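K.L.:
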Amino acid sequence: MLVQECSGALREEKGLLLEAAAEQLSCHAAKVSRIESGRSGIRQLDLKALLDLYGVVDPGERESWLALARESRRQRWWRVLEDQLPQEFLDLVGLEDEVSECRGFQPAIIPGLFQTKAYATAVIQGGVPGSLDESQQAKVRLRMERQKALTREDSVPLKVWMVLGEAALRQQVGGPRVLREQLRHLVEVARLPNVTLQVLPFTAGACQGGPYPFLIYSFPPPAGFEVVLLENFASHAYLESREDTVRLGGAFDHLRAAALSALDSESRISEIAEELTDQ
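So for the sequence shown, the UniProt record's numbering puts the first residue at 1; every next one is plus one.
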């Protein structure tokens, strides 16, 4: 999700059609569609023309947009994996490179941003014994690199507020030893100043939104909007409408209200870790 796509949201906020933007750029609407989908780059000159069309006149806000465009062209470390991974994996890490905040719910598995290498390897193996193939190794590497967003120094660290279902803490992915290491790591991550972690206990019962995982990513100004990521075994889906982000934001608020406090969650995670013994 780059500046091009953010500009598409800005166009929609103004109630303008693709044709209006295309006319401003003296091009076909298909080109504007490619720009907004992220399949085509955008020149600074074209971005300035679009900002004129969308009524963005404040000098500070305009410069923020132009700076975001310059940043979006910066070479990303994960580009070297383009030939080894499905596009949806690259889209996800690119999204986390751009956003400032992530809120979400994961009922049954530790989120990738918090996984140890051993746990991530077990997840990606999917219970199939043997060595990882080249594609699987690339996925593990990508997952480990993604976590640098939590402690990055070249920009503000990604702020994360995550609600985990108790089942995610008890499913013995990789076996007791791997899970125990994972839970201890989870406690360490939860102590980062930009991370809030809560556990939704089994006793909480049914909650709004059901047992379905989701992530809500928030873009910093000037984009200032949100996108919801829905993941399943086979694919990723991104929801950008205001209706969807408000609905899932409400579900997240309900979940965090039903979950244990951050302090009690840390205690629960530590207790479950100590219950695990090698078998």
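Each residue gets a CB set at the ideal place from its N, CA and C atoms; glycine is no exception.
These numbers were taken from a predicted model, which means no experiment stands behind them.
Can you give me the Cβ contacts of A167 inside the same chain, cut-off strictly under 8 Å, excluding the 5 residues immediately before and after it?
P.N.:
Cβ within range, chain order: P107, A108 and F202.
K.L.:
Which value, in whole angstroms, describes the spacing of the CA atoms of N194 and D244?
P.N.:
Looking at the two C-alpha atoms, the distance is approximately 25 Å.
K.L.:
Count the other C-beta atoms from every protein chain shown that fall within 10 angstroms of the C-beta of D58, then say buried if there are 16 or more, exposed otherwise.
P.N.:
Exposed.
K.L.:
Evaluate R43 with the Cβ neighbour count: other Cβ atoms within 10 Å of its Cβ, from every protein chain shown; 16 or more gives buried, anything less gives exposed.
P.N.:
R43 should be labelled exposed.
K.L.:
Can you check the UniProt domain "HTH cro/C1-type" (9 to 62) for any alpha helix (DSSP H) of at least 4 residues that lies completely inside it and give the ranges in chain order?
P.N.:
Listed in chain order, the complete alpha helix (DSSP H) runs (minimum 4 residues) inside the UniProt domain "HTH cro/C1-type" (9 to 62) are 18 to 25, 29 to 36 and 44 to 53.
K.L.:
How would you label K14, buried or exposed, when you count the other beta carbons within 10 angstroms and need 16 or more for buried?
P.N.:
Under this definition K14 is an exposed residue.
K.L.:
Taking all protein chains shown into account, decide if V128 is buried (16 or more other Cβ within 10 angstroms of its Cβ) or exposed.
P.N.:
So V128 counts as exposed.
K.L.:
Any idea which residues DSSP pairs Q106 with across the strands?
P.N.:
For Q106, which the question treats as bridged, DSSP gives the partners L164.
K.L.:
Out of V163, E12 and Q24, which has the shortest C-alpha to C-alpha gap to L45?
P.N.:
Taking only the C-alpha atoms, the option nearest L45 is Q24.
K.L.:
Taking 7 Å as the line, does the beta carbon of S267 fall inside it for any heavy atom of the ligand MG?
P.N.:
For the ligand MG, the structure offers nothing, since it holds no ligand at all.
K.L.:
Alpha carbon to alpha carbon, how far is L10 from L276? Give it in angstroms, no decimals.
P.N.:
Each residue's Cα considered, the two are about 50 Å apart.
K.L.:
In whole angstroms, give me the CA-to-CA distance for E266 and E63.
P.N.:
Rounded to whole angstroms, E266 to E63 spans 42 Å at the Cα level.
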